[in-house]
């Protein structure tokens, strides 16, 4: 934990300053209010939390990158529909080879740097001379919108918006920054400082005819839901005759095509989506909302590690729901993404979208529930088939499947 500015001043300042600070905090000569009393169990709960999760369990992507000895930059990108995304970067500003890593469901940019210097893809890419960008979808903290705190309406989005707006804004931001940094005359705008905002989607919408080739080469690596989003993005841009800015895509078990070997969890989501209660409708986020629940899950995951038999049992139960997927599920909750402060999330409408894809056996855009609603949105009575547009893709695409994967098995 970093010390607060006040504590830094007390430690680093003259003795008199520290004494005055103590007097002020006690409601003495400084005239300030005394310390507020917390609810009776707060102190015990805080101490228990530190004992359970340790002092270094809550880390950010920036922490992981800086602790590994790499440079870091944070960029805020605003989407066309007003969401503020955090784009993490391991900058190599003079590099012409650029890579964007995009995470999957219930994941974040931390997934690409959480396995240490020797086993993290983002660090490996930087070591090979690439400028590295780590994208985050709108469900990743801090979860902000242009209008501020908009409540439940924040969660009103599907896989359509993740692909078209989120990926579009991120790619547009990378394009604007790299053209400016590399000194190209066609730079749309000069890059801002740390935390600068730019309407990334506008930059992704394409230059005037005759613009020279960009001075960089952008590859995108995506996992699971990130792969779905990239495919939605590139087919949308090509269908609209707009430049997508990508030179290559590497998709790690991408979601979207679930015709073979649908896991039990997929059938459960399809059943829930078909029920009249609307459990996968409306504006809600799917994640452990309260910090106490995340603390409980973290403690459970640590206990599973200390008792191998329980860890094997939990992995066996997960394999039952995830079609014998051989991942180490008991270790997943120990990743730094899931902590007392927050965790990645996604909307129930995105879950409904995935359930629709599984049920229809079509990699399609979101079905709004009626021919009239779809026609208003798409001009068609049924949602467009993303896979039917694969023929438009004009760049190399590498598909990587885990042989032990069950959620998205290799045949898909």
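Numbering (this note's numbering), first residue to last: 2 to 413. Think of the CB as a built atom: it goes at the ideal place given N, C-alpha and C, for glycine as much as any other residue. Please read these numbers as outputs of a predicted model, since none were measured by experiment.
**Report entry** Same chain only: Cβ atoms within 6 Å of residue 398, ignoring 5 sequence neighbours per side
**Finding:** 250
Query raised in the report: What residue range is occupied by the uninterrupted alpha helix (DSSP H) comprising residue 358?
Result: 349-361
Report task. Determine the direct distance from the alpha carbon of residue 78 to that of residue 135, and round the result to whole angstroms. Result -> 12 Å
Report task. Out of 174, 155 and 240, point me to the one whose CA is closest to residue 347's CA. Result -> 155
Report task. Please state whether DSSP places residue 390 in a helix, a strand or coil. Result -> helix
Query raised in the report: Beta carbon of residue 132, beta carbon of residue 72: below 8 Å?
Result: no
Report task. Would you check if there are 3 or more beta carbon pairs closer than 8 Å linking the segment 141-154 to the segment 114-125? Result -> no
Query raised in the report: Can you round the beta-carbon distance between residue 451 and residue 362 to whole angstroms, since I take them to be within the 8 Å contact cut?
Result: Residue 451 lies beyond the range of the chain shown here (2 to 413); nothing can be said about it.
Query raised in the report: Nearest to residue 159 by CA position, among 400, 170, 405 and 352, is which residue?
Result: 352
Query raised in the report: Run through DSSP, which three-state label would residue 60 get?
Result: coil
Requested in this report: Compare the beta carbon distance of residue 98 and residue 130 with 8 Å and say whether it is the shorter of the two.
Outcome: yes
Report task. Count the C-beta pairs between the segment 370-377 and the segment 227-238 that are closer than 8 Å, then say yes if the count reaches three, no if not. Result -> no
**Report entry** Contacts around residue 164, its chain only, beta-carbon distance under 6 Å, and the 5 residues preceding and following it disregarded
**Finding:** 230, 233 and 234
Requested in this report: Classify residue 179 as helix, strand or coil using the three-state DSSP reduction.
Outcome: helix
Requested in this report: Just the C-alpha distance for residue 111 and residue 127, rounded to the nearest angstrom, thanks.
Outcome: 15 Å
Report task. Would you grab the beta carbon distance between residue 356 and residue 271 for me? Rounded to a whole angstrom, and I think it's under 8 Å. Result -> 5 Å
Query raised in the report: Excluding the five sequence neighbours on either side, which residues of its own chain have a C-beta within less than 7 Å of the C-beta of residue 23, listed in chain order?
Result: Legend: pLDDT at residue 23 = 35, less than 50; position of this residue unreliable, value from coordinates given subsequently. Excluding residues within five positions, none has a Cβ falling inside 7 Å.
Query - Under 8 Å between C-beta atoms of residue 366 and residue 345 - result: no
Query raised in the report: For residue 242, which three-state DSSP category applies?
Result: coil
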